[in-house]
Amino acid sequence: MEQEFTLTTELRGDCLIIATAGYVNNVGGESIAREFAGHFENGIKKVIVNLGQSKVVNSIGLSFLIDIVDQLNDAGGKLIFTNLDPAVDKMLTIMGLFQFAGKESSVDDALKEFFV
Amino acid sequence: MRTESDIPGTTQRPMERLAGQIGTFQDRFEVLAKALSLKEMARLFAGMLSSHFQEIEITLFHNAIPGKGWQQLFGGAAGDPGEAFGSIDERRFAMRYLDGEQRRASVVQPLLDRSLLGMFLSPRKVAFRFAEEDKVSLQLFGQLFASAYQPLLHRRNEKELVFSLNHRVLQLNSLIDTGIEVSKLTHEGSLPQLALERAASLTNASRGVLIVSGKDQPAERYSFPASDALGVDNDSERRIQTSFQFFDTTYTFQLYDKESRSGFIVFDETDRLLLDALTRQVHASLENRYLLQEAIDKQKIERDIAVAASIQQRILPESLPALTGYDIFGTNIPTKSVGGDYYDCIPLADGRVALVVADVAGKGIPAALLVSSFHAYLNAYLENSLPLVKLAQRLNSVICKASTEDKFITAFLALLDPTTGRMESLSAGHNPVYLVKRDRTIQELNNGGVALGMLDMEFPFSTDEVVVEPGERLFLYTDGLTEAMNAEQELYDNIRSVKEFVSNKTSPSAKQFIQEMIADVREFVGTAPQADDITVLYLVRQ
Chain A
1 MEQEFTLTTE LRGDCLIIAT AGYVNNVGGE SIAREFAGHF ENGIKKVIVN LGQSKVVNSI
61 GLSFLIDIVD QLNDAGGKLI FTNLDPAVDK MLTIMGLFQF AGKESSVDDA LKEFFV
Chain B
1001 MRTESDIPGT TQRPMERLAG QIGTFQDRFE VLAKALSLKE MARLFAGMLS SHFQEIEITL
1061 FHNAIPGKGW QQLFGGAAGD PGEAFGSIDE RRFAMRYLDG EQRRASVVQP LLDRSLLGMF
1121 LSPRKVAFRF AEEDKVSLQL FGQLFASAYQ PLLHRRNEKE LVFSLNHRVL QLNSLIDTGI
1181 EVSKLTHEGS LPQLALERAA SLTNASRGVL IVSGKDQPAE RYSFPASDAL GVDNDSERRI
1241 QTSFQFFDTT YTFQLYDKES RSGFIVFDET DRLLLDALTR QVHASLENRY LLQEAIDKQK
1301 IERDIAVAAS IQQRILPESL PALTGYDIFG TNIPTKSVGG DYYDCIPLAD GRVALVVADV
1361 AGKGIPAALL VSSFHAYLNA YLENSLPLVK LAQRLNSVIC KASTEDKFIT AFLALLDPTT
1421 GRMESLSAGH NPVYLVKRDR TIQELNNGGV ALGMLDMEFP FSTDEVVVEP GERLFLYTDG
1481 LTEAMNAEQE LYDNIRSVKE FVSNKTSPSA KQFIQEMIAD VREFVGTAPQ ADDITVLYLV
1541 RQ
């Protein structure tokens, strides 16, 4: 069963890596958005969101992710999702997120995508 | 653009200054209308205001829901927006001065979606004062923002509509996926938890609780997300729930606190439909799993029965021994794949043969097990050349010990000396055996006693002693023959009389006699199902 939401962040150069665990709902989405906003104000425009430990995302959590994608796209940046559970992958696909955001199987692959 | 000569106190007339601004509004509208977000639009708008009011500092706010807090969109610190924009009429443009010298002002512009744009204006230069035409300019700027806000609003609404439609597709898709997932047989105990997880996420519930309560056991609780707090809240405003019963177990699914970006909202009818649909899938899956297990168990029992039938078929004789001067044939037709009837003709060491027909009360596996015991003990005791009464008493004792109270065996046991035709027989609660004389009269052999296994005591069995003369016939059978029933619930023996058939019918061989008798029974029974095992043994002394 899915755990309570937790989040960790890491900066690699000018790339922000956010790794989540647990239910990405309103609380989870807000946490991600807050973490993102702090770095975005400092000019970070490359973001990786590792959802490997989040098997369940609801549409409120998703709306926060969409906001982040929008902000990054407006600023000429990019977000890449990684380590997606098949159910979450399907959800993001149906919701049309991959028209505006990237998807890689691992954080390393996403970093390569950013720094090639 | 406002020039130095446009500022209050210069010589240009107000109407001329305003007329100069009109031409640029269309260009400004086009710029603002292309903004992708409210913040971007505010930034652009602030730039336009700054170029017009060069002496003032601008801070912009947005109030999405009148009465609630203001969000700063652009500019530096501007004090308390609640104070700056307090007590305003939310339906029309409003400007008020925040000091007696008309140097600081707040402006509120209503927008299409009933939200409000707030402008806080403070002077950069000490000498600045707002003039009357500045109020008109600000009103025009407010209108400009409100007009440009509409395309942004339409795009946002369009985006929300697409999001909402995609979410509906997602809900349907998840419903189908969950149906497939829960119908998989690999989930075992996690199946209801999986449904709870899906229901919570599809309805945007903050959390869910599953309570599994059995008849005589404490309720088990699972929560989503997993946490130590498994409490159940009885506030029905914040909760939807549904439950179903599967045998003695009740599954209750509860979802709490529907989320939105602006706080908790009330669950709607779609949420209830989704929760019901998911729990129905779980219920159906549990039922299917139960039925599948039942079918597997049934198959296993059928396999066991087939094995038992195969063992029993080996107990029944494949063919009877050839007796010089006699023609003998027997058959057994069980109702189920294993039955409770038995017959045999067993040669003894002293040259005699034992003729046996037996019938266990009941059918199926228990009856077949008792027949196996009877067969084993009978053969063991026959090797010891026990007298017939002693043989019956021993059999009675062991069957009594080997069976339950409701299980017993009726049996006809006879020891025949083929050379002389002398035969001693004993009927342990069995149907009378017919000895058909040459003149076709019938002597019934029914001396004996109670069925074997009924009473654990040395019952004083009695016997018949006869001589089977040449041309005489002996007919042994079980009650499955006499009680064969047709569709009208009539018994074969009541309508056609076994005794008369045996008396009147003669055939070239014992085998043919029995085939003709079975054919007659089948013709009588017709399409009615066979009610009991049928066993017959027929011996003709030539």
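Top to bottom, those sequences are chains A and B.
When the letters of the first sequence are read in order and numbered with the numbering used here, they come out as residues 1 to 116.
When the letters of the second sequence are read in order and numbered with the numbering used here, they come out as residues 1001 to 1542.
Ideal placement from N, C-alpha and C gives every residue a C-beta, glycine not left out.
Query	Result
Could you have a look at V1119 of chain B and say whether DSSP puts it in helix, strand or coil?	Position check: residue 1119 of chain B holds Met in this sequence, whereas Val was assumed. Reduced to three states, the DSSP call for M1119 of chain B is strand.
Consult DSSP for V1398 of chain B and reduce its assignment to one of helix, strand or coil.	helix
Quick one: what does DSSP say A1528 of chain B is sitting in, helix, strand or coil?	coil
Taking the C-alpha atoms as reference points, what is the distance between S31 of chain A and R1104 of chain B?	38 angstroms
Around the Cβ of N83 of chain A, are there at least 16 other Cβ atoms within 10 angstroms (buried) or fewer (exposed)?	buried
Closest Cβ-Cβ distance between N58 of chain A and chain B: below 8 angstroms?	yes
What does the Cβ neighbour count give for Y1256 of chain B, buried or exposed, with the cut at 16 atoms within 10 Å?	buried
Give the interface partners of E1040 of chain B over in chain A, defined as CB-CB distance under 9 angstroms, in chain order.	D74
Since H1154 of chain B meets chain A, which of its residues come closer than 7 angstroms, beta carbon to beta carbon?	Within chain A, no residue comes near H1154 of chain B; the closest Cβ sits about 16 angstroms away, beyond 7 angstroms.
On the three-state DSSP scale, how would you describe I1409 of chain B?	strand
From the beta carbon of S1260 of chain B, is the nearest beta carbon of chain A less than 8 angstroms away?	yes
What residues of chain A sit near H1167 of chain B, judged by a beta carbon separation below 8 angstroms?	S59, M95
Is there a C-beta anywhere in chain A that falls below 8 angstroms from the one on N1204 of chain B?	yes
Taking only three categories from DSSP, how would you classify G52 of chain A?	strand
Are the CB atoms of R1239 of chain B and Q1254 of chain B nearer to each other than 8 angstroms?	yes
Does the region 104-115 of chain A come close enough to the region 63-80 of chain A to have 3 or more Cβ pairs within less than 8 angstroms?	yes
To the nearest angstrom, how far is it from the Cα of P998 of chain B to the Cα of A1368 of chain B?	An answer regarding residue 998 of chain B cannot be provided, because it is not within the stretch 1001 to 1542 covered by chain B.
Can you give me the start and stop residues for the beta strand (DSSP E) that S1223 of chain B sits inside?	1220-1224
By how many angstroms is the C-alpha of R1207 of chain B removed from the C-alpha of P1529 of chain B?	59 angstroms
List the whole-angstrom C-beta distance separating D1479 of chain B from D1359 of chain B, where the pair is believed to meet the contact cut-off of C-beta under 8 angstroms.	7 angstroms
Determine the extent of the alpha helix (DSSP H) in which K112 of chain A is found, giving its start and end residues.	107-115
Looking at E1483 of chain B and L1491 of chain B, is the spacing between their C-beta atoms short of 8 angstroms?	yes
Does the structure place the region 1445-1456 of chain B close enough to the region 1417-1433 of chain B that three or more beta carbon pairs sit under 8 angstroms?	yes
For N1543 of chain B and S1385 of chain B, what's the separation of their Cα atoms in angstroms?	Nothing about residue 1543 of chain B can be reported from this structure: the residues present for chain B run from 1001 to 1542 only.
Report the start-end ranges of each beta strand (DSSP E) in the region 1122-1177 of chain B that is 3 residues or longer and not cut off at the edges.	none
Roughly how many whole angstroms lie between the Cα atoms of G1421 of chain B and Q1299 of chain B?	49 angstroms
Determine, using beta carbons only, whether N73 of chain A and E1259 of chain B come nearer to each other than 8 angstroms.	no
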